[in-house]
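J.: In UniProt numbering, the protein residues as written are 1 to 261.
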């Protein structure tokens, strides 16, 4: 009795690849896919948020051309691929490896467990918002004082730690008074204000994409209580944390340092 061995994984993939290579000849525009994707990564890296959203729509249209009735599944898979691509970009920009990995995991969690089929275009915009926000953290500030530049990057990396002015001054081996003075002089904002700004910015993602209660998010970002968190959040966003969570149409708050070049 002759037993026919099952094809190996490599043989199976090779056959699928050859068949798909022939099949794609009938679709127009797919030869531009990776060129458009390169453009998308460029736009995200340069914080061109609105252009990036439009470019991602172009890629989704191309995916739909090939996927047909299976478009939603194909788009889901691409979002995960794109998230991994951006995580690698963050790592290349010297984001701490754990944070880059957490970024990738968060995006996959959103796509796998929180994306309804009817929301796939909304999720595309949300991912671009998230990508641009994280990338913007890694843009090297260009203030005239290198310690101020380093402090900004340090806060961006450690925003979920319970940092105080004293902690930051100790980390950079300078006095709190000197640090406070040079930060305000070059950044145009006090160090305490900048800490609050970054915490508000980061908390928005947990409000919109997690099931955590607002009091827990307040604790996560080390506000002394939920009432203070609400007051600071509204100061910068003009809405309360609950209002932001309840309305998907409220845009994300983004802060630009006044003296940033």
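Beta carbons are placed, not taken as given, at the ideal position from N, Cα and C, and that holds for glycine.
#1: Once you ignore the five residues that flank residue 74 on each side, which residues in its own chain have a CB closer than 7 angstroms to its CB?
#2: Am I right that residue 183 and residue 44 are in contact with their C-beta atoms under 8 angstroms? What's the rounded C-beta distance?
#3: Rounded to a whole number of angstroms, what is the C-alpha to C-alpha distance between residue 250 and residue 243?
#4: Would DSSP call residue 244 helix, strand or coil?
#5: Decide if residue 79 is buried, meaning its Cβ has at least 16 other Cβ atoms within 10 Å, or exposed.
#6: Whole angstroms are fine: how far does the CA of residue 209 sit from the CA of residue 29?
#7: List the whole-angstrom C-beta distance separating residue 199 from residue 159, where the pair is believed to meet the contact cut-off of C-beta under 8 angstroms.
#8: Along the alpha helix (DSSP H) that carries residue 133, what are the first and last residues, could you check?
#9: Relative to the C-alpha of residue 97, which candidate in 14, 69, 157 has its C-alpha closest?
#10: I'd like the list of long-range same chain contacts for residue 111, defined as Cβ closer than 6 angstroms, with 5 residues on each side in sequence excluded.
#11: Just to confirm, are residue 138 and residue 90 a CB contact at a threshold of 8 angstroms?
#12: Do you know how far the Cα of residue 106 is from the Cα of residue 14?
#13: What would DSSP say about residue 209, mapped onto helix, strand or coil?
#14: I'd like the list of long-range same chain contacts for residue 100, defined as Cβ closer than 7 angstroms, with 5 residues on each side in sequence excluded.
#15: Below 8 angstroms on the Cβ atoms is my guess for residue 262 versus residue 201; work out the distance and round it to an integer in Å.
#16: Below 8 angstroms CB to CB, which residues in the same chain sit around residue 140 once its five sequence neighbours on both sides are set aside?
#17: Consult DSSP for residue 173 and reduce its assignment to one of helix, strand or coil.
#18: Run the CB neighbour count on residue 261, radius 10 Å, all protein chains shown included, and call it buried at 16 or more, exposed below.
#19: Between which two residues does the alpha helix (DSSP H) containing residue 142 stretch?
T.: Taking the coordinates as given:
#1: Here residue 74 refers to the residue found at position 74 of the chain shown. Hits under 7 angstroms: 63, 67.
#2: The residue given as residue 183 occupies position 183 in the chain shown. The residue given as residue 44 occupies position 44 in the chain shown. Going by Cβ atoms, the distance from residue 183 to residue 44 rounds to 29 angstroms, so no, they are not a contact pair.
#3: In the chain shown, counting from the first residue as 1, residue 250 sits at position 250. In the chain shown, counting from the first residue as 1, residue 243 sits at position 243. Cα-Cα distance, rounded: 9 angstroms.
#4: Locating residue 244 in the chain shown gives position 244, counting from the first residue. In this structure, residue 244 counts as helix in the three-state DSSP scheme.
#5: As a position in the chain shown, residue 79 is number 79, starting the count at 1. It is buried - the Cβ of residue 79 has at least 16 other Cβ atoms within 10 Å.
#6: Here residue 29 refers to the residue found at position 29 when the chain shown is read from its first residue. Here residue 209 refers to the residue found at position 209 when the chain shown is read from its first residue. Near 34 angstroms, if we compare the C-alpha coordinates of residue 209 and residue 29.
#7: If you number the chain shown from 1, residue 199 lands on position 199. If you number the chain shown from 1, residue 159 lands on position 159. Correct: roughly 6 angstroms between the Cβ atoms.
#8: Residue mapping note: residue 133 aligns to position 133 of the chain shown, counting from 1. Unbroken alpha helix (DSSP H) run through residue 133: 120-138.
#9: Position 97 of the chain shown, counted from the start, is the residue given in the question as residue 97. Among 14, 69, 157, the Cα nearest to that of residue 97 is on 157.
#10: Residue mapping note: residue 111 aligns to position 111 of the chain shown, counting from 1. Contacts found: 76, 79, 80.
#11: Counted from its first residue, the chain shown places residue 138 at position 138. Counted from its first residue, the chain shown places residue 90 at position 90. Contact flag set, yes.
#12: Translated into the one-based positions of the chain shown, residue 14 becomes position 14. Translated into the one-based positions of the chain shown, residue 106 becomes position 106. Approximately 32 angstroms, taken between the alpha carbons.
#13: What you label residue 209 is simply residue 209 of the chain shown in a count that begins at 1. Reduced to three states, the DSSP call for residue 209 is helix.
#14: The residue labelled residue 100 in the question sits at position 100 within the chain shown. 87, 90, 91.
#15: A question about residue 262 goes unanswered here, because the residues of the chain that appear run from 1 up to 261.
#16: In the chain shown, counting from the first residue as 1, residue 140 sits at position 140. Contacts found: 149, 153.
#17: Against the chain shown, residue 173 aligns to sequence position 173. Coil, per DSSP.
#18: As a first step, residue 261 must be located in the chain shown, where it is residue number 261. Unreliable positioning characterises residue 261 in this predicted model, as indicated by a pLDDT of 49, which lies under 50. A coordinate reading is not provided.
#19: As a working note, residue 142 is residue 142 in the chain shown. Looking at the DSSP string, residue 142 is not in any alpha helix (DSSP H), and its letter there is neither H nor E.
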